[in-house]
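Inspection log for the structure reproduced underneath, given as structure tokens.
Residue numbers (UniProt numbering): 1 to 519.
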């Protein structure tokens with residue numbers, strides 16, 4: 001990133017490393033999936049196709065990130081267990097959880113048509129995630145038992161609920177009938193009233209799904225004489241077990257014991273203290289200006305593969321802006337956002353109640369989801385060749401002055417990087433190699449680059465403002481002329497989210513928009 005007088009704002013970034021010897025588990029859950037399943041008419045109580053889509057996404061995560069060695073999921077939830085010695089993104093919790101949830105979301109949207117060829121995706125689905133730190137293999141074992149017990153309990157309840165509804169009960173009547181019933185009573189209800197033997201239902205519904213990696217011999221190519229070249233590689237596969245936390249299941253898989261360790265005993269219940277630690281929600285500092293910044297992962301390669309225009313692709317930037325607008329509309333506590341290239345910063349109002357750290361993953365996931373669903377709106381003739389994904393972090397700033405310095409830092413970065421990249425790509429277009437262009441620009445100052453661009457007939461100050469200044473997104477101020485006739489001034493006037501390309505470093509911008517941060 002470019003150097004400027006605003007660099008000091010980086011000192012407010014807090015490290016959130018999950019220290020060894022803790023195990024890293026990322027748990028993701030669907031956001032608003034009760035409504036999502038209704039809108040998309042999922043079968044109740046279990047939609048096998050929807051569950052297979054979840055499993056397929058989890059397998060893709062397993063194959064994309066080798067450090068993920070065990071996965072367990074049911075309904076709209078999945079847990080990803082990293083190998084004990086993992087150094088994935090320096091074990092920084094915000095990076096780890098946001099990357100996993102973003103990639104999972106990306107695959108979910110891209111694979112939707114494969115699993116639901118006759119159902120339109122009516123709106124962008126999203127997930128949220130959290131890192132759960134397990135201090136020992138015994139704690140990890142308890143976590144897995146807790147999740148599978150939850151799967152058993154919820155599925156038995158929901159199976160009873162929907163059978164009662166199918167036979168004519170309202171949802172409230174069915175819930176009242178099930179209130180306080182034991183597991184045995186629910187089993188008797190299913191068998192006696194509906195002739196359903198719960199134990200013979202699809203094990204994926206009752207037990208959830210595990211994804212393991214096993215070593216297989218694979219043919220990678222053939223020699224000139226036709227003989228195969230074989231290599232040992234790891235392949236992900238789905239299994240179903242009635243006790244994923246059992247000693248027998250775990251210790252029969254050598255890959256799990258090698259990467260995570262062995263279970264020494266079977267456990268019958270989870271310690272309440274463990275459950276409280278699993279349910280603990282990390283919070284961000286309240287009554288501060290919380291900024292969520294997201295960045296594209298490996299977008300240099302992504303832009304090359306998808307042949308983005310260099311140094312700036314207007315359509316790619318407009319796609320980023322459209323995603324940011326969708327995020328601002330979804331989360332009303334976002335009062336301002338600023339984006340450039342493959343990054344975006346979202347500012348939450350100072351009295352926001354969204355200070356649980358899960359807000360980072362929720363924003364990253366929705367941004368990713370919209371990026372996929374809107375791709376064709378901006379790239380009509382380009383296929384999306386593989387799932388893009390983003391990482392995210394949250395930083396808390398104590399005052400509005402420091403917040404504005406943060407935004408100024410990002411815009412200064414935009415100015416400097418855009419000028420450099422414009423020079424770089426003009427040099428490449430003129431015949432220099434990339435390394436020659438880099439060496440040519442090494443040590444040059446702003447004035448030197450201005451002169452160089454003029455040699456190419458380019459006035460840097462006349463380039464599109466979006467390239468030079470980035471994009472600012474915020475709610476438009478109240479417009480009395482847009483109100484309905486029966487509304488009074490000060491009522492619920494219509495507002496809209498606007499995108500501007502302007503200088504946010506100068507105090508004049510904030511003077512002209514005094515209510516942006518305090519609406």
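Beta carbons are placed, not taken as given, at the ideal position from N, Cα and C, and that holds for glycine.
Predicted, not measured: the structure shown is a model, and the values here were computed from it.
Check                                                                                                                                                                           : Outcome
Between residue 564 and residue 98, what straight-line distance do the alpha-carbon atoms span, to the nearest angstrom?                                                        : Residue 564 is absent from the structure shown; the chain starts at 1 and stops at 519.
With DSSP run on the structure shown, which of helix, strand or coil describes residue 277?                                                                                     : helix
Does residue 348 pass the burial test, meaning 16 or more other C-beta atoms within 10 Å, or should it be called exposed?                                                       : buried
Closest to residue 411 by C-alpha separation, out of 372, 340, 226, would be which residue?                                                                                     : 340
Could you check how far apart the C-beta atoms of residue 183 and residue 156 are, in whole angstroms? I think they sit under 8 angstroms.                                      : 6 angstroms
Quick one: which unbroken beta strand (DSSP E) runs of 3-plus residues sit fully inside the region 192–256? Chain order, please.                                                : 209–222, 228–239
Taking Cβ positions, are residue 317 and residue 466 nearer each other than 8 angstroms?                                                                                        : yes
Consult DSSP for residue 56 and reduce its assignment to one of helix, strand or coil.                                                                                          : helix
Since residue 49 sits in a beta bridge, which residues does DSSP pair it with?                                                                                                  : Residue 49 is not bridged to any residue.
Judging by CA-CA distance, which residue of 351, 392, 428, 14 is the nearest neighbour of residue 518?                                                                          : 351
Taking only the alpha-carbon atoms, compute the straight-line gap between residue 459 and residue 382 and give it to the nearest angstrom.                                      : 31 angstroms
Thinking C-alpha only, which one of 123, 35, 128, 79 is nearest residue 357?                                                                                                    : 128
Does the distance from the CB of residue 25 to the CB of residue 134 come in under 8 angstroms?                                                                                 : yes
Between which two residues does the alpha helix (DSSP H) holding residue 469 run?                                                                                               : 465–469
Using only alpha-carbon positions, find the residue among 151, 395, 243, 72 that is nearest to residue 265.                                                                     : 243
Is it true that the CB of residue 391 sits closer than 8 angstroms to the CB of residue 295?                                                                                    : yes
Output needed for residue 444: all residues of its chain with C-beta closer than 6 angstroms, excluding positions within five of it in sequence on either side, in chain order. : none
Using 8 angstroms as the Cβ pair cut-off and three pairs as the minimum, do the region 103–117 and the region 47–64 touch?                                                      : yes
Would you decide whether residue 470 is buried or exposed? Buried here means 16 or more other CB atoms lie within 10 Å of its CB.                                               : buried
Counting pairs of beta carbons, one from the region 254–271 and one from the region 78–96, are three or more of them closer than 8 angstroms?                                   : yes
Shortest alpha-carbon distance to residue 147 belongs to which of 175, 29, 112?                                                                                                 : 29
Using the Cα positions of residue 283 and residue 397, report the straight-line distance between them to the nearest angstrom.                                                  : 15 angstroms
For residue 517, which three-state DSSP category applies?                                                                                                                       : coil
If you draw a straight line from the C-alpha of residue 112 to the C-alpha of residue 379, how long is it?                                                                      : 19 angstroms
Between the beta-carbon of residue 324 and the beta-carbon of residue 374, is there less than 8 angstroms?                                                                      : no
Determine the closest residue to residue 472 out of 223, 249, 500, with distance taken between C-alpha atoms.                                                                   : 500
Nearest CA to the CA of residue 18: which residue from 74, 46, 89, 56?                                                                                                          : 89
Suppose you measure from the CA of residue 132 to the CA of residue 209; what does that come to, to the nearest Å?                                                              : 19 angstroms
Who pairs with residue 602 in a beta bridge, going by DSSP?                                                                                                                     : As shown, the chain starts at 1 and ends at 519. That puts residue 602 outside it, with no answer to give.
Would you list the one or two residues that DSSP bridges to residue 441?                                                                                                        : Residue 441 pairs with nothing; no bridge assigned.
Exposed or buried, what is residue 371 when buried is set at 16 or more other beta-carbons lying within 10 Å of its beta-carbon?                                                : buried
On the DSSP letters alone, give me the boundaries of the alpha helix (DSSP H) that residue 508 sits inside.                                                                     : 507–512
Just to confirm the assignment, what range does the beta strand (DSSP E) spanning residue 24 have?                                                                              : 23–30
Where does residue 379 sit, in a helix, a strand or coil, going by DSSP?                                                                                                        : coil
For residue 79, which of helix, strand or coil comes out of DSSP?                                                                                                               : strand
Specify the secondary structure class of residue 309 as computed by DSSP and reduced to three states.                                                                           : coil
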